[in-house]
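The structure appears below as structure tokens.
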Amino acid sequence: MNYKELADLIFPNAKEISYYEEKYPRRNLPEGAIVTRFAPSPTGFVHIGGLYQALAARISANKTGGVFFLRVEDTDQKREIENGITGIVNSLKDFDMEPDEGMISETESKGEYGPYRQSLRKDIYQAYAKYMIEQGKAYPCFATPEELEEIRAKQEAAKVRTGYYGVWAKYRNLSLEEMAEKIKAGVPYIVRFKSNGREDRKIKHKDVIKGNVDFPENDQDIVIIKSDGLPTYHFAHLVDDHLMGTTHVIRSDEWLSSVPLHLQLFQEAGFKAPKYAHIAPIMKNDNGNKRKLSKRKDPEAAVSYYKEIGVPSLAVKDYLLNIANSTFENWRRQNPNVSMNEFDFQLNKMSVSGALFDMTKLFDVSKIVVSRYTAQEVYDESMKWAEKYDNELVQMLSNKEYSLKVLGIERGNVKPRKDIAKWSDVKENIIYMYDDKFINTKIDYPYQTINEKQEINKILDLYIEKYYNENDDKQTWFDKIKELSGELGYAKEVKEFKANPDMYKAHVGDVSTVLRVALTGRTNTPDMYEIMQVLGKDSMIKRFEKARNC
Ligand code: GLU
10 MNYKELADLI
20 FPNAKEISYY
30 EEKYPRRNLP
40 EGAIVTRFAP
50 SPTGFVHIGG
60 LYQALAARIS
70 ANKTGGVFFL
80 RVEDTDQKRE
90 IENGITGIVN
100 SLKDFDMEPD
110 EGMISETESK
120 GEYGPYRQSL
130 RKDIYQAYAK
140 YMIEQGKAYP
150 CFATPEELEE
160 IRAKQEAAKV
170 RTGYYGVWAK
180 YRNLSLEEMA
190 EKIKAGVPYI
200 VRFKSNGRED
210 RKIKHKDVIK
220 GNVDFPENDQ
230 DIVIIKSDGL
240 PTYHFAHLVD
250 DHLMGTTHVI
260 RSDEWLSSVP
270 LHLQLFQEAG
280 FKAPKYAHIA
290 PIMKNDNGNK
300 RKLSKRKDPE
310 AAVSYYKEIG
320 VPSLAVKDYL
330 LNIANSTFEN
340 WRRQNPNVSM
350 NEFDFQLNKM
360 SVSGALFDMT
370 KLFDVSKIVV
380 SRYTAQEVYD
390 ESMKWAEKYD
400 NELVQMLSNK
410 EYSLKVLGIE
420 RGNVKPRKDI
430 AKWSDVKENI
440 IYMYDDKFIN
450 TKIDYPYQTI
460 NEKQEINKIL
470 DLYIEKYYNE
480 NDDKQTWFDK
490 IKELSGELGY
500 AKEVKEFKAN
510 PDMYKAHVGD
520 VSTVLRVALT
530 GRTNTPDMYE
540 IMQVLGKDSM
550 IKRFEKARNC
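Residue numbers for the sequence shown follow this note's numbering, so the first one is 10 and each next one is one higher.
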């Protein structure tokens, strides 16, 4: 019995690997092109850390004229949920990060290197497992769960490393005849890698992000094909990233410790290993403790959350790039309207330990992003969001012409207002501008310095009767508020008031506040001139009337 015969016995129907090597030729891409992937399990949940990795991958491929593909790793069938792929595909779409190749829906894919769903690649893995057996680099292992447990107990008693390796690898050294006999007798088995590594030797690895790291060699005879005939992650990684021509494996740093094994697998299979870039998890400051963003505890860990609260996807990506490369923030300031693909993104500048994720900072970035939108864009995006999440906002926005004016206040100028971080902020931001909402709502009128009812009424009456004219330009408008102030015994200038506080009741700013609060119910609003222009005289009269009767 030789290796070839053993391999044929185990995988009688598997093809020669030359078939696949020809079917998936090396890619013809420009020098330096990065071929990389996003390879999630279809659990239906995309973590913000996953999106962060995918973004680093997408942008690296864009920058180098490479390829970014989506491979679904569904060999652990226990973890799968229904429509888990759709959730991932849609998240990438929402963030304008569609893959060049790979899964594009629950069942469809595009590209020449598929299938891109591991459960559909069983034949391919078996062909490569067969090849490994033929080379004497893999073998059938007949250990039962009880035997594995016994080995572990002995290792613990002897205070040595646990695992299936060296002298502990009970079935590693069976003769080929013994192996064949057991298989023919129907004894269940799985396939293991036959490691030639030694724990007392070191390997050096240069990680794109982590830099130089040393590890002991791998000596574990890890499982490559499980009892269900599907591969383990490690073996699928070898086969897929080899055949798909991956140049850079960009993945979570929980896999860093598997690098010795992975390099060994590539070496033993005779394939060129990819480069590895291990990304540290996104961290959160939790009352002074730095911890990983948790799917269970933190709503912001789920990519779907941003859509629900209406943060524009561009803002989320801008923020993620801020934490990925510290030079991005400055670049963005200088290039506010340039595509992020123009940014010179560097994988090797990513944080070695976990980058800190800060929602307040993300909202600040988002406010800047939204401040660059036109009123029409804010309108369209808010409407799209509201149609899904907020009927009242839909109803407000259905008065389109008026809403565009409201959303246009302090927009499109050199210093646009930065008061919208997410579409769910819009309603609260503009609701007071709608008469049907404002007039019928109880308002507390937070008047400040000037508080007496009579005095307030006097200001409101005089203003609307004598001073307000909708055709005034801004300067004239403001001069008239000064005149009104003078007429009623208020200082026309704040500094005049400060110099002689006893001579005046208060100053022009206080008078403006009365007008502002009566019109809007708020002390802090955008430019009052623009507000009056948008409201128009009829609405102002109604609002003053309401204020009087309060
Ligand atoms: N399916 C693996 C995971 O979700 C992929 C890791 C990789 O990118 O290779 O962690």
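Glycine is no exception: its CB is placed at the ideal position from the N, C-alpha and C atoms.
For Arg420, which residues of its own chain have a beta-carbon under 6 Å away from its beta-carbon, when the five flanking residues on both sides are left out? Ala384
DSSP puts Val44 in a beta bridge; with which residues? Val76
Measure how close the beta-carbons of Val325 and Phe104 come, nearest whole angstrom, since I'm counting them as under 8 Å. 7 Å
Specify the secondary structure class of Tyr173 as computed by DSSP and reduced to three states. coil
Under the criterion of a Cβ to heavy atom distance below 6 Å, does Tyr50 qualify as lining the ligand GLU? It should be pointed out that residue 50 corresponds to Ser in this sequence rather than to Tyr. Correct: Ser50 has its Cβ closer than 6 Å to the ligand GLU.
So, at 7 Å on beta carbons, what are the nonlocal neighbours of Val268 in its own chain, with the 5 sequence-adjacent residues on each side left out? His214, Phe224, Tyr285
So, helix, strand or coil for Ala500, using DSSP? strand
Smallest Cα separation from Ile429: which of Gly93, Glu554, Asp85, Arg381? Arg381
Going by the C-beta, is Arg260 closer than 6 Å to any heavy atom of the ligand GLU? yes
For Lys281 and Ala166, I'd like the C-alpha separation in whole angstroms. 40 Å
How is the alpha helix (DSSP H) around Glu187 delimited, first residue to last? 185 to 193
For the stretch 247 to 275, list the beta strand (DSSP E) runs that are entirely contained and at least 3 residues long, ordered along the chain. 257 to 261
Given His56, which residues of its chain have a CB within under 8 Å of its CB, disregarding the five upstream and five downstream residues? Leu302, Lys304, Ala310, Ala311, Val312
Beta carbon of Met106 nearer than 7 Å to that of Val81: no
Can you tell me where the alpha helix (DSSP H) with Asn331 in it begins and where it stops? 322 to 333
Please classify Gln457: is it buried, with 16 or more other beta-carbons within 10 angstroms of its beta-carbon, or exposed? exposed
Rounded to the nearest angstrom, what separates Glu115 and Asp132 at their Cα positions? 21 Å
Please determine if the stretch 512 to 526 and the stretch 488 to 500 are in contact, where contact requires at least 3 C-beta pairs separated by less than 8 Å. yes
Three-pair Cβ contact test at 8 Å for the stretch 390 to 406 versus the stretch 336 to 356: no
Could you tell me whether the Cβ atoms of Val232 and Arg201 are closer together than 7 Å? yes
Continuous alpha helix (DSSP H) stretch holding Gly111: start and end: It is not in any alpha helix (DSSP H) - Gly111 instead sits in the beta strand (DSSP E) that spans 110 to 112.
Is any heavy atom in the ligand GLU found nearer than 6 Å to the beta carbon of Glu186? no
How long is the line joining the alpha carbons of Tyr173 and Gln62, rounded to whole angstroms? 32 Å
If you compare alpha carbons, which of Glu208, Lys358, Val217, Leu239 is closest to Asp228? Glu208
Counting only the same chain and skipping the five closest in sequence on each side, list residues whose C-beta sits under 6 Å from that of Gly58. Pro290, Ile291
Go through the stretch 335 to 367 residue by residue and report every complete run of the alpha helix (DSSP H) that reaches 4 residues or more, in order. 337 to 343
What first and last residue would you give for the alpha helix (DSSP H) that runs through Met392? 384 to 398
If you drop the 5 nearest sequence neighbours on each side, which residues of the same chain put their C-beta closer than 8 Å to that of Pro308? Tyr314
List the endpoints of the continuous beta strand (DSSP E) containing Gly220. 220 to 225
Simplified DSSP state of Arg35, which is helix, strand or coil: coil
Could you check where the beta strand (DSSP E) with Ile133 kicks off and where it finishes? It is not in any beta strand (DSSP E) - Ile133 instead sits in the alpha helix (DSSP H) that spans 131 to 143.
Within the same chain, show all residues whose beta-carbon is closer than 8 Å to that of Arg126, passing over the 5 residues directly before and after it, in chain order. Arg80, Val81, Asp83, Ile94, Met112, Ser118
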